[in-house]
Amino acid sequence: MEVELKLDGKTVVKARIRVTTLLEAITAALQAESTDDAISTPITPAQATELFARVDAKSVRFLKRIAENNGSLGWEEMQDIFDIDDDWNEYSTRFGKGITRALRNITGGGRDKLVYWDDDTWEDDPTVYVDGMALHSLREAAGYL
1 MEVELKLDGK
11 TVVKARIRVT
21 TLLEAITAAL
31 QAESTDDAIS
41 TPITPAQATE
51 LFARVDAKSV
61 RFLKRIAENN
71 GSLGWEEMQD
81 IFDIDDDWNE
91 YSTRFGKGIT
101 RALRNITGGG
111 RDKLVYWDDD
121 TWEDDPTVYV
131 DGMALHSLRE
141 AAGYL
């Protein structure tokens, strides 16, 4: 697509743009704006790719499944992925800590987190989440965008 910008009737910019690239950039910018209240620490697609490289295969499968599922995953599916019984501690002390440690090594943030849940609703809705720019980056790194 050809674009021409005129000021006072004079052409100041004439350019050829790729509409699909422009739409992708606009979509990413809009998502970034709407993630101001995100709980997950923002990461880039490159950092998400690095995270996949730093964690074990089960954790990669878990993170990609969250990405595929638009940011959430239930406890039952987590148990299947990690091959664990109904023991939150088994996830938390092994896989959860590994993901968080890898994330913090990548970002340099000592309090950064990626995966979160709501303690108040866990009994009725045992679901974990990733949101905001972190989710967008996971989705891109996993090939869902």
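Position 141 of the sequence shown, counting from 1, maps to 141 under my numbering, and the rest follow consecutively.
Ideal Cβ placement from N, Cα and C applies to all residues, glycine included.
Just so it is clear, the structure is predicted and the values come from calculations on it, not from any experiment.
Inter-residue CB distance, residue i and residue j (contact presumed, cutoff 8 Å)
i	j	result
residue 95	residue 59	5 Å
residue 134	residue 42	6 Å
residue 141	residue 11	Not really, about 40 Å apart at Cβ, beyond 8 Å.
Between the CA atoms of residue j and residue i - distance to the nearest angstrom
i	j	result
residue 149	residue 64	Here the chain covers residues 1 to 145 and nothing more, so residue 149 does not appear.
residue 79	residue 20	39 Å
residue 145	residue 52	16 Å
residue 88	residue 3	56 Å
residue 38	residue 13	38 Å
residue 118	residue 18	42 Å
Assigned exposure category for residue i - 16 Cβ within 10 Å defines buried
i	result
residue 101	exposed
residue 55	buried
residue 1	exposed
residue 111	exposed
residue 5	exposed
residue 147	Because residue 147 is not part of the residues shown, which for the chain are 1 to 145, the question remains open.
residue 132	buried
residue 57	exposed
residue 139	buried
residue 26	exposed
Enclosing beta strand (DSSP E) for residue i [first to last residue]
i	result
residue 74	72–74
residue 15	10–16
residue 5	2–7
Limits of the alpha helix (DSSP H) - the one that residue i falls within
i	result
residue 67	57–68
residue 114	Residue 114 -> no alpha helix (DSSP H), and no H or E assigned at all.
residue 140	132–141
residue 100	97–107
residue 127	Run containing residue 127: none in the alpha helix (DSSP H); it sits in the beta strand (DSSP E), 127–129.
residue 123	Counting along the chain, residue 123 falls outside any alpha helix (DSSP H), and DSSP gives it neither H nor E.
Near the ligand COA: residue i beta-carbon under 7 Å from a heavy atom
i	result
residue 129	By its list of ligands, the structure shown contains no ligand whatsoever, and the ligand COA lies outside what it can speak to.
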